[in-house]
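Asks: Counting from 456, one number per residue, gives the positions in the sequence shown under our numbering.
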Amino acid sequence: MQRRQSSKTPKQSLQVHPKNQTDLSAWRKGGRIDPRESGENHPNDERNDSTQGSLEQALSYFEKVQGHVSLKKNSVLQKHLATVESTALQTGLPPEGFDVLLNVALSGKLADTVNTRLLKSLVPASVVPETCVVSSVSWLCVGKCSSSIQLLFLRWLITVFDFIDHKEQLHALYGFFFSFLQDEKMCPYVCHLLYLLTRKENVKPFRVRRLLDLQAKMGLQSHLQALLSLYKLFCPELVTITLPSKMKTYFKNSEGPWKAAIKTLRRRNQGNSPLSQPLFLGTAQPQSRKRKWNSQLMLPKVSTSKSSLERDRGKPHVDLHSTDETLPVELLQTFPQLLQNIHRLEFPSQMGSVLTNPLLLHYMNCINDESIYLRLNYWMGQTLQEECTWCVADNSIYEEEFKDFLETVCRAECFLQEGFSSCEDFLYRSLPLWDGVCCQSQILRLVSWIPLNSFSEMKSHLYNPLAQLFFTSSLYFKCSVLESLKELLQNWLNWHVVHLGSDSETQVHPLNTTLSRLVTGITELIHFVGRISTFALSLENNSSFLLYFILDFYETVCDVYEKYNLPLLIMPPAGVFYPALLSMDPVNLNQLCYIMYRYRTNLVAAKENELNKKKRQQFKLSSQTFQEYNQYTIAMVGCLWTSSAFQKDLHPQGLRMDDELLKTTAVQDFKNSFNIVYHPAMIGHAVNFLQQVCPHDTTLNFSLIKGKKWNWYLEYLYAQGLKGLKVFIESSINRVSQASHRKAENAEV
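1. Let me know the secondary structure DSSP gives Pro579 once reduced to three states.
2. In whole angstroms, what is the alpha-carbon distance linking Gln533 and His621?
3. Name the two residues that bound the continuous alpha helix (DSSP H) containing Lys534.
4. In chain order, what residues of the same chain have a beta carbon less than 7 Å from the beta carbon of Leu1006, not counting five sequence neighbours either side?
5. Taking three-plus beta-carbon pairs below 8 Å as touching, is the region 584 to 600 in contact with the region 552 to 568?
6. Quick one: any contact between the region 895 to 912 and the region 974 to 981, if contact means 3 or more CB pairs under 8 Å?
7. According to DSSP, what are the bridge partners of Leu440?
8. Spell out the partners DSSP gives Leu548 in its beta bridges.
9. Does the beta-carbon distance from Leu992 to Val953 come in below 8 Å?
10. I need the boundaries of the alpha helix (DSSP H) containing Tyr1173, first residue and last residue.
11. Go ahead and label Ile696 buried or exposed: buried means 16 or more other beta carbons lie within 10 angstroms of its beta carbon, across all protein chains shown.
12. Could you round the C-beta distance between Leu688 and Leu577 to whole angstroms and report it? I think they count as a contact, below 8 Å.
13. Are the beta-carbon atoms of Leu648 and Leu682 separated by less than 8 Å?
14. Hey, Val658 and Leu693 are a contact pair by Cβ (cut 8 Å); roughly how many whole angstroms apart?
15. Whole angstroms is fine: what's the gap from Gly807's alpha carbon to Lys527's?
16. With C-beta atoms as the reference, is Leu899 less than 8 Å away from Ser939?
17. Is the separation between the beta-carbon of Pro643 and that of Lys714 shorter than 8 Å?
18. Take Tyr1052 as the anchor and find which of Glu1017, Ser1078, Asn1067, Asp1040 has the nearest alpha-carbon.
19. Return the bridge partner residues of Ile619 from the DSSP annotation.
20. Check whether the region 1128 to 1136 and the region 1080 to 1100 touch, using three or more Cβ-Cβ pairs below 8 Å as the test.
21. Can you tell which of Pro1041, Phe1081, Leu1076, Arg1111 has its C-alpha closest to the C-alpha of Leu1172?
22. So, does the region 1051 to 1065 touch the region 994 to 1006, judging by three or more C-beta pairs under 8 Å?
23. Starting from the C-beta of Asp1104, find all residues in its chain whose C-beta is less than 7 Å away, skip the five residues before and the five after it, and write them out in chain order.
24. With a threshold of 8 Å on Cβ separation, who are the neighbours of Gln1108 within its own chain once the five nearest residues in sequence on each side are excluded?
25. Just the Cα atoms here: how many angstroms apart are Tyr1003 and Ile987?
26. Report all residues from its chain with a CB closer than 6 Å to the CB of Phe1183; omit the five preceding and five following residues, and keep chain order.
27. In its own chain, which residues sit with a C-beta less than 6 Å from the C-beta of Val539, not counting the 5 before and 5 after it?
28. Answer with buried or exposed for Leu937, where buried requires no fewer than 16 other C-beta atoms within 10 angstroms of its C-beta.
29. If we count the other Cβ atoms within 10 Å of its Cβ and call it buried at 16 or more, is Ser530 buried or exposed?
30. Any idea what DSSP makes of Gly807, helix, strand or coil?
31. Please work out which residues of its chain come closer than 7 Å, Cβ to Cβ, to Val902, disregarding the five sequence neighbours upstream and downstream, and give them in chain order.
32. Are the beta-carbon atoms belonging to His429 and Tyr1019 less than 8 Å from one another?
33. I think Leu625 touches Glu585, with their Cβ atoms under 8 Å apart; what is that distance to the nearest whole Å?
34. For Val569, which of Val592, Ile604, Val589, Ala580 has the nearest alpha-carbon?
35. Need the endpoints of the alpha helix (DSSP H) that Trp950 sits in, please.
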């Protein structure tokens, strides 16, 4: 009874639900299939045995089919075609099935309708054998298949490129694929395939000339520019024309239904657990002999064609100590091995594997090979564009998987200490559509690694959409954005130290182009943070929590000149300075005091260098900066020391008020409303001090803090950890330093 039911299952599903079995594009909408198709009503082993048997019969039929067979009124062909399609949807096709199906689809024995359905069913369950791909390419030479089938085959080959087990024979067909560039319809897909296959030895003068001729004939086509860009990286002396330096989407999406089906199979095999395995692999993890494809989001395992071929043929491993042969990267397990063999490594064809292998990231740090970055940025740009959960329809259910992928990219950028241009392009395209919630931590970390570019570009693509989100989001999102922008500034400054800081010529001669662009970019970033911080403090009622992140940003800004040797001194705007000065939180006031102390140190150093004839041409300090610093310092001294905040603060947005206006407030002794005793941020410390000095006095008479008690109070404040207040007062007010000396002398006597 069970056997009879099992034997009828495929036939019943073929008759009742043919559309669901043959429509691979339906998988883009969630990969849902009818329970009767998937065999959920039967045991797994029974279903698998039945499916395997039916597939074997179908493959045997297609292997023996002769002549031009029509699909209409041919129940046998319809049955076996539906079996192949349903198997591809449910479990994927085994490696041995590709040779048969590719041969029959490209041989012209069947109608194009059947051939199209067969090609669309080529969904790999594990790997695609290289031998079947090579034999399939040979069919393109005899002209048996139509141009539409040839195009579909190329699209499939591009999609499953990372699933092909070896690549050596495929690389040997480079010239054959190159000859198809003359076909205008096939040219974009051939360029895409050549882009994946190109090695330095493939770049020849006649191929460069051919590409230039095609570009002159067709115009500025993105796929031709992509291949020329790669050629120029390998052999710049052969490609002398100017090409766009900025990375963009070179190739159109050529994946058709295959990638959607592959993704659905992967998620089904994972048991709906996209985070079941760690993405960042260890350095000593051996590769599996089974060579199963990676179950994670488009991150293939490290493999190179030569070593895999040798293992499968039973040949011994490549000698790690040999100097004559190339070394596949998956044989490396330790960092010393990488250093010993770094000049003879065979880099993997699967560029996504770089993100999950620390040794390959070390290799990228050690070897300045632009072709690696170009390939990796191309692959990553395509992946980010296609997988972005808020840019792709019907993809919100994969948010966790996309977040995990972004996390891997962020860790790779942190490892390399530089951002990927593809991530920058992704941010510029997706930020206007971002809600500020999905993958928030990962997106803001990507923002912190954006490479330095022109302000006009960053203003329109980064600052404007980020500002819109910033003003309409929560307090915690505002703080996260400020933290990300501080990290962005820090990364730019570190880049300057690494690439320009050691250049002695930069210190003597006028600003070069790179340094000028860096100064301009940092200046605009600081001004942008100043503007959004001013508005944010107004929106959030001068929140102490928000003010902490703002001052943390300016703690980096205040030391740009002296710590990073960069000709730049920018004071915080009044909308940031005065809320910090009048803050009721002693932590923020102490931080402001430290920032002003560092500004003074940097200004003094800049003034001394300005008087130095050798450095006079490098940087001329604006008198407006000195004026603004002096006005801020006067306001701080008036608030913290001389109790003259309302009289001497001459800043246009300062605290100065006429006595007549102050009298209308009905505040007694308003002139003493601000100093280190009465300041709202310090009055709590003053209360604690009086309770310790005069424990029996319950009146809390603050006027007692004067003379010796004033100096004791200062020491008490310093003991509370207010080091910023200490360095500011001792550097900006002479009386404190004199009093400290007198106290030291009295102690010695």
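For glycine and all other residues, C-beta sits at the position ideal for the given N, C-alpha and C. Since the model is a prediction, treat every value here as computed from it, not as a measurement.
Replies: This is what the structure holds:
1. Of the three classes helix, strand and coil, the one that applies to Pro579 here is strand, per DSSP.
2. Here the alpha carbons of His621 and Gln533 stand approximately 33 Å from one another.
3. Counting along the chain, the alpha helix (DSSP H) containing Lys534 begins and ends at 530 to 545.
4. Closer than 7 Å at Cβ, skipping near neighbours: Ala1035, Asn1043, Gln1046, Leu1047, Ile1050.
5. Judged by Cβ distances under 8 Å, the region 584 to 600 makes contact with the region 552 to 568, as three or more pairs qualify.
6. Using a C-beta cut-off of 8 Å, the region 895 to 912 makes contact with the region 974 to 981, since at least three inter-stretch Cβ pairs fall below that distance.
7. For the chain, the structure presents residues 456 to 1204; residue 440 sits outside this window and is missing.
8. Answer by DSSP bridge pairing, in chain order: Pro579.
9. No, the Cβ-Cβ distance between Leu992 and Val953 is not below 8 Å.
10. Where Tyr1173 is concerned, the enclosing alpha helix (DSSP H) starts and stops at 1163 to 1174.
11. The C-beta of Ile696 has fewer than 16 other C-beta atoms within 10 Å across all chains shown, which makes the residue exposed.
12. With 8 Å as the limit, Leu688 and Leu577 do not qualify as a contact, their Cβ atoms being about 32 Å apart.
13. Their beta carbons are not under 8 Å apart, which means Leu648 does not touch Leu682 by this criterion.
14. Indeed they touch by this definition, with Cβ atoms about 6 Å apart.
15. Each residue's Cα considered, the two are about 44 Å apart.
16. By the CB criterion at 8 Å, Leu899 and Ser939 fall inside the cutoff.
17. Contact annotation: Pro643 and Lys714 have beta-carbon atoms that are not nearer than 8 Å.
18. Checking every option, the nearest Cα to that of Tyr1052 belongs to Glu1017.
19. The partner list for Ile619 (beta bridge, DSSP) reads Val583.
20. Here the region 1128 to 1136 makes contact with the region 1080 to 1100; the two share three or more CB pairs at distances below 8 Å.
21. Answer by Cα proximity: Pro1041.
22. A contact is defined here as three or more CB-CB pairs under 8 Å, and the region 1051 to 1065 fails this definition with respect to the region 994 to 1006.
23. Closer than 7 Å at Cβ, skipping near neighbours: Ile1089, Ala1090, Gly1093, Leu1110, Arg1111.
24. Only Ala1029, Gly1030, Tyr1033 meet the Cβ criterion.
25. If you take the alpha carbons of Tyr1003 and Ile987, they lie about 15 Å apart.
26. Cβ contact annotation for Phe1183 (same chain, cutoff 6 Å, sequence separation greater than five): Cys1048, Met1051, Tyr1052, in chain order.
27. Once the five neighbours on either side are set aside, the close Cβ partners of Val539 are Ala513, Ser576.
28. Taking a 10 Å sphere around the C-beta of Leu937, we find 16 or more other C-beta atoms and assign the residue as buried.
29. Around the Cβ of Ser530, a 10 Å sphere holds fewer than 16 other Cβ atoms; the residue is exposed.
30. Looking at Gly807 - three-state DSSP - the assignment turns out to be helix.
31. Excluding positions up to five away in sequence, the list reads Leu882, Ser939, Leu943.
32. One cannot answer for residue 429 here, as it falls past the ends of the chain, which runs 456 to 1204.
33. Indeed, because the Cβ distance is near 6 Å, the residues count as touching under 8 Å.
34. It is Ile604 whose Cα lies nearest to the Cα of Val569.
35. It spans 930 to 954 - the alpha helix (DSSP H) in which Trp950 sits, taken as one unbroken run.
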